Each structure stands twice: as structure tokens, then as C-alpha cells.
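Residues in the sequence shown are numbered consecutively from 44, following our numbering. Structure first, commentary second.
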Amino acid sequence: MQEITLQALLEAGCHFGHKAERWHPKAAAYIYTKKDGVHIIDLAKTKEGLEQGAAFILQTVAAGGEVLFVGTKRQARGVVKEAASAVGAPYLVQRWIGGFLTNWESVRKNIEKINRMTDEEAKGVWKKFPKHEQSKLTRYLERLKMFYGGVLQLSDLPAVLFIVDIKKEDAAVREAKRRGIPIIAIVDTNTDSTPIDYVIPANDDAVGSIGYIIQIAVGAYVEGKKNLAKDDKGVKSVSDTKDKDEASGKRRKLQKETSGATKENK
């Protein structure tokens, strides 16, 4: 995993919290000091939280689970989409889709529908329809992709949610808790981190802070995928060896039977 340093966290601006009057008492454990009326986050705890969160991502992905990255606030959209899409990870950045976790079967049907329509459009199936119908279908598909575009590869519930700003994404937090899905989150000084399983206390408003933390997270995601691929190859190798041994055994048995039959004929 990529090394996380206090200097890098400092340069990214992860230490800037909110104005003191906007703080949440439950954030006290992560606050180092107050300067010019602004709370300063303890970067040692940011580092610890990020290391633990990244390790959990690696472990989850290596075991075959998926991580859904969620960041719909203006400052997060671009960096979350760019980082997640670059490594093939699922993401939601336009808005949280209500019932995404708690009504997953309906969501999965929508995803299947979008993938089917995309395939039909690519194969020219829509050409049999009048032009105005084709335009209507295209606009409808584009709108669906605006919201679902980052999750079209999901075939099952994500194993983990990575959230930027739990205050903004409170609906996602509630749904994840109802479904028993662990949450890793960037948590600022104005929120209660109690519902979060892996807390990364940090500035959740600055692009630099969000970007640095997301890069560490997707780096762990990539490493997890590599470990998963190695495990799959190992299983396949063992399976292939077993199949070869069985085939070899059958050939030897057949040779003995053939040899015995030949001797009897003589």
C-alpha cells in the first residue's frame, strides 16, 4: 500500500476543520487545537484512520467484495469520479439514489435495463423505430446513465461504502446501517462519526484533501484486485493440476486394461 505521511496530509490541507461554532461535540476526539476560530484536526488520527480504512478496502476487494465510492457534493464529484473510474471501481456522484441499498432488487433491475438498452442501441436495434422514438429512447437512456453510469458493473450489493461527507450523504449512511454494510468515511469536525465503522477525520470540503484520501483508497482497491487475481490463478492452477492428475490416472488405468486384454488374446 502507498505510504501515508503526515507531511502529505498537511500539504493536502486535510487538517482544516470547520469554524469552532459549527463543531459537533462527538468530533472532539479528532481535534488537535483551535486556530483563528477554526478547529485543526489531529493528523496523526487522520493517518491512523486512513491506514485502517485502506487496509479494510484491500482486504475486502481481495476477498471478492466491491467498494462503492460516494461523493455527490460539488467539491467531491470530479475527484471521486476520476479516481474511481480510472481503476474500474463503482461510484455515485450525481446524487444518492434513494433505496439503492434497501431496495436493491429494483435498483439491479434498472441497471440490467440500462445495460440492455445500451447493447440494443450499439447493435442498431432501435433503427427499426421512427426517428422521434429513437431520439426519445436516447434521451431517456442518457438521463438514466447520468445517475447510474458509475454503477453499471454492479451485479450485487457493495460490500463496503466509502463516503465523502457523511452529513451530505446521510441517506446513504442510514441505508448502509440498515443493510449492515460497513462504512469508511471522511469525517469533518461538524459531524457525529458514531455510525461510521472506519473514520478518517479530515477536511471534507477541500478538493486537495478529498483527492489525496481518495487516491490512497483507490490505490488499496487496485492492490486488492491484484491479490484477488493472484488467488484466482492459484485456484485455477490447483484445479488444472488436479484435472491433469485425474486424466493421467485414467490413461494409466486404460493402458493397463488394454495391456491385460492383449495378453489374454495371445
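For glycine and all other residues, C-beta sits at the position ideal for the given N, C-alpha and C. Fair warning: this is a prediction, and the values are worked out from it, not measured in the lab.
Suppose the cutoff is 8 Å on Cβ atoms and the five residues either side in sequence are ignored; what does the same chain contact list for Val281 look like?
Taking the sequence shown and counting its residues from 1, one reaches residue 281 at position 238. Residue placement at Val281 is flagged as unreliable, the pLDDT there being 46, under the threshold of 50; a coordinate-derived value is accordingly withheld.
Decide if the segment 161 to 179 is in contact with the segment 124 to 141; the criterion is three or more beta carbon pairs, one per stretch, under 8 Å apart.
Touching, no, given that fewer than three Cβ pairs across the two stretches are closer than 8 Å.
Between Asn233 and His58, is the Cβ-Cβ spacing less than 9 Å?
Looking up residue 233 in the sequence shown gives position 190. Looking up residue 58 in the sequence shown gives position 15. Cβ atoms of Asn233 and His58: not closer than 9 Å.
Enumerate in chain order the residues of its own chain whose CB-to-CB distance from Asp208 is below 6 Å, with the five nearest sequence positions on each side excluded.
In the sequence shown, counting from the first residue as 1, residue 208 sits at position 165. Around Asp208: Lys116, Asp247.
So, under 8 Å CB-CB, Ala202 and Glu109 are touching, yes? Tell me the CB distance rounded to an integer number of Å.
The residue given as residue 202 occupies position 159 in the sequence shown. The residue given as residue 109 occupies position 66 in the sequence shown. Going by Cβ atoms, the distance from Ala202 to Glu109 rounds to 6 Å, so yes, they are a contact pair.
What three-state label does DSSP hand Ala106 in the structure shown?
As a first step, residue 106 must be located in the sequence shown, where it is residue number 63. Three-state DSSP puts Ala106 in coil, outside helix and strand.
Quick one: is Tyr183 buried, meaning 16 or more other Cβ sit within 10 Å of its Cβ, or exposed?
For the purposes of this step, residue 183 is taken as the residue at position 140 of the sequence shown. So Tyr183 ends up on the exposed side.
Counting only runs of 4+ residues fully inside the segment 244 to 273, write out the alpha helix (DSSP H) ranges in chain order.
You should have found no qualifying run.
Whole angstroms is fine: what's the gap from Val122's alpha carbon to Ile253's?
As a working note, residue 122 is residue 79 in the sequence shown. As a working note, residue 253 is residue 210 in the sequence shown. In a straight line, the C-alpha of Val122 is about 7 Å away from that of Ile253.
Only counting runs of 3 or more residues, tell me where the beta strand (DSSP E) segments fall wholly within the segment 135 to 210, in order along the chain.
Inside the segment 135 to 210, DSSP marks whole beta strand (DSSP E) runs of 3 or more residues at positions 203 to 207, from first to last along the chain.
Through-space distance from Ser149 to Ala87, alpha-carbon basis:
Looking up residue 87 in the sequence shown gives position 44. Looking up residue 149 in the sequence shown gives position 106. Cα-Cα distance, rounded: 42 Å.
Rounded to whole angstroms, what is the Cα-Cα separation between Ile226 and Ala219?
Within the sequence shown, the letter at position 183 stands for residue 226. Within the sequence shown, the letter at position 176 stands for residue 219. If you take the alpha carbons of Ile226 and Ala219, they lie about 7 Å apart.
So which of Thr145, Val194, Tyr241, Ala97 has the shortest CA-CA distance to Glu266?
Taking the first residue of the sequence shown as 1, we reach residue 266 at position 223. Of Thr145, Val194, Tyr241, Ala97, the residue nearest in Cα terms is Ala97.
Environment of Thr103 [buried if 16+ CB atoms lie within 10 Å]
Numbered from 1 along the sequence shown, position 60 holds the residue referred to as residue 103. Result: buried.
Helix, strand or coil for Val130? Go by DSSP, reduced to three states.
Translated into positions along the sequence shown, residue 130 becomes position 87. Residue state, collapsed to three classes: coil.
Considering only the beta carbon of each residue, do Ile257 and Phe112 sit closer than 9 Å?
For the purposes of this step, residue 257 is taken as the residue at position 214 of the sequence shown. For the purposes of this step, residue 112 is taken as the residue at position 69 of the sequence shown. Yes, the pair counts as a contact, with Cβ atoms nearer than the cut-off.
Is it right to say Thr48 is buried, meaning 16 or more other beta carbons lie within 10 angstroms of its own, or is it exposed?
On the sequence shown, residue 48 is found 5 positions in, with the first residue counted as 1. Taking all protein chains shown into account, Thr48 has fewer than 16 neighbouring C-beta atoms within 10 Å of its C-beta and is therefore exposed.
Around the C-beta of Asn308, are 16 or more other C-beta atoms found within 10 angstroms, so that it is buried, or is it exposed?
For this step, residue 308 is matched to residue 265 along the sequence shown. Low confidence applies here, because Asn308 scores a pLDDT of 44, under 50, leaving its location unreliable; read the following figure in that light. Asn308 is exposed by the Cβ-count criterion.
6 Å Cβ shell around Gly76 - same chain, five flanking residues per side excluded
What you label residue 76 is simply residue 33 of the sequence shown in a count that begins at 1. According to the sequence as given, residue 76 is Thr; it is not Gly. These residues qualify, in order along the chain: Ile83.
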